[in-house]
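Read through the structure below, which is laid out as structure tokens, and then see the notes.
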Amino acid sequence: MVGSLGYLMNCTRPDIAYAVNKLAQMASCPTEAHVSSAKNVFRYLKGTEDYYFNIDSEPTNDVTAWFDASWADDVDSQRSTFGYTIFYGSTPIVWKCRRHRSISLSTTDAEFLAATEVSRELTYVQNIFECLKIKVNLPISIYGDNANANSLANGTSNPIRTRHIRIREKYVSKKASTGEIILRKVDTSSQIADIFTKALPKDTFESHRSALNVSVNKLQIHKCLVCAEVFVTNNKLHRHVRAAHQDVRHMQEGMFLVLFCVIEFKL
């Protein structure tokens, strides 16, 4: 049951990422309450079965990212939940919701570690775009709603209180210092990644869901099939993505290929 939801979440429904993440944590010892919660997710999907994941076919060189974290929200492990999404133009191409591997000592810690995770993912995304011969404008804007974490990552704040953060977690600061990324402040009410870290009020949830391009306006299924057919039969395109295709880490990487075909053939 949870595996089916996870497959759908990874492919076209980022709006259920938080719910699936919480259910997956209890997959080894589910109770009646967890089964009931899983059924509620299926009811939600049934009620939104006419919602589709929309792909913008307009060419662009802009990549942006949004990240957020909830501090120590797991009552058992005291670990924080974080989430992020990466946009190519107005189309989300990567999204994730999970718990931190370690315990964060403050909200700044939790947000800073989330910024590190999304910056590492951005490096991988840039490598894929390089294989696809798609130029990306630099610096890439990363939007977070914690001013202290943003200042720390950009190197504009005093790091005395964060000396306990491991060097490997300061990868985001290195990327910012080289001009590849820049962290920008966004209001919490406009933080799209908030949908990955907590249960939200209905109006806020629907607003963020719409921002993730999940709506009733659909990209026809046959267009996706045309994309796949053209991609497979066009040797030139195949050579462009062969290197990226050989290192498949996420199911969402298929989004890169479909997005590339939609833009290339103006579907």
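Mapped onto this note's numbering, the consecutive letters of the sequence shown carry residue numbers 3 to 269. No residue lacks a Cβ here, since even glycine has one placed at the ideal position from N, Cα and C.
Straight-line Cα distance separating residue j from residue i
{"i": "Thr190", "j": "Asn12", "result": "25 Å"}
{"i": "Gln128", "j": "Tyr90", "result": "11 Å"}
{"i": "Ser92", "j": "Asn215", "result": "8 Å"}
{"i": "Asn63", "j": "Asn139", "result": "6 Å"}
{"i": "Val65", "j": "Ile88", "result": "7 Å"}
{"i": "Ile136", "j": "Asn56", "result": "20 Å"}
{"i": "Arg211", "j": "Cys133", "result": "30 Å"}
{"i": "Glu119", "j": "Pro94", "result": "17 Å"}
{"i": "Arg15", "j": "Gln80", "result": "28 Å"}
{"i": "Thr131", "j": "Gly146", "result": "A small correction: the amino acid at residue 131 is Phe; Thr does not occupy that position in the sequence shown. Going by the C-alpha atoms only, they are around 24 Å apart."}
{"i": "Ile223", "j": "Thr50", "result": "Any reading at Ile223 must be qualified, since the residue scores a pLDDT of 41, below 50, and its modelled position is unreliable; no value is offered."}
{"i": "Glu182", "j": "Ile144", "result": "11 Å"}
{"i": "Arg103", "j": "Lys48", "result": "34 Å"}
{"i": "Ser39", "j": "Ala116", "result": "27 Å"}
From the options, residue whose alpha carbon lies closest to that of residue i
{"i": "Ile184", "options": "Ser212, Phe207, Asp205, Pro141", "result": "Pro141"}
{"i": "Ser121", "options": "Glu60, Ile105, Lys98", "result": "Lys98"}
{"i": "Val188", "options": "Pro61, Phe69, Leu124, Val4", "result": "Phe69"}
{"i": "Val96", "options": "Tyr126, Thr199, Val218, Asp147", "result": "Tyr126"}
Simplified DSSP state of residue i, which is helix, strand or coil
{"i": "Ile197", "result": "helix"}
{"i": "Ile18", "result": "helix"}
{"i": "Ser104", "result": "coil"}
{"i": "Ala67", "result": "strand"}
{"i": "Gly91", "result": "coil"}
{"i": "Gly157", "result": "coil"}
{"i": "Tyr53", "result": "coil"}
{"i": "Ile184", "result": "strand"}
{"i": "Arg244", "result": "Residue confidence is low: Arg244 scores 39 on pLDDT, short of 50, so the model does not pin down where it sits. Its coordinate-derived value is still stated next. Residue state, collapsed to three classes: helix."}
{"i": "Val77", "result": "coil"}
{"i": "Cys31", "result": "coil"}
{"i": "Ser179", "result": "helix"}
Close beta carbons around residue i, own chain, < 6 Å, minus the five adjacent residues each side
{"i": "Phe114", "result": "Ala151, Leu154"}
{"i": "Ile194", "result": "Trp68, His210, Ala213"}
{"i": "Phe198", "result": "Ala19, Tyr20, Gly85, Cys99"}
{"i": "Asn156", "result": "Ala178, Leu185"}
{"i": "Asp196", "result": "Asp70"}
Residues near residue i by beta carbon distance below 8 Å, same chain, minus five either side
{"i": "Val43", "result": "Leu7, Ile18, Ala21, Val22, Leu25"}
{"i": "Val218", "result": "Asp52, Tyr53, Tyr54"}
{"i": "Asp58", "result": "Gly91, Ser92, Thr93, Asn215"}
Cutoff 7 Å; reference residue i; Cβ partners in own chain excluding five residues on either side
{"i": "Glu60", "result": "Gly91"}
{"i": "Asn148", "result": "Thr109, Thr110, Glu113"}
Query raised in the report: Taking one C-beta from the segment 24-31 and one from the segment 171-179 each time, how about it: are there three or more such pairs within less than 8 Å?
Result: no
Query raised in the report: Touch check for the segment 68-87 and the segment 98-118: three-plus C-beta pairs under 8 Å?
Result: yes
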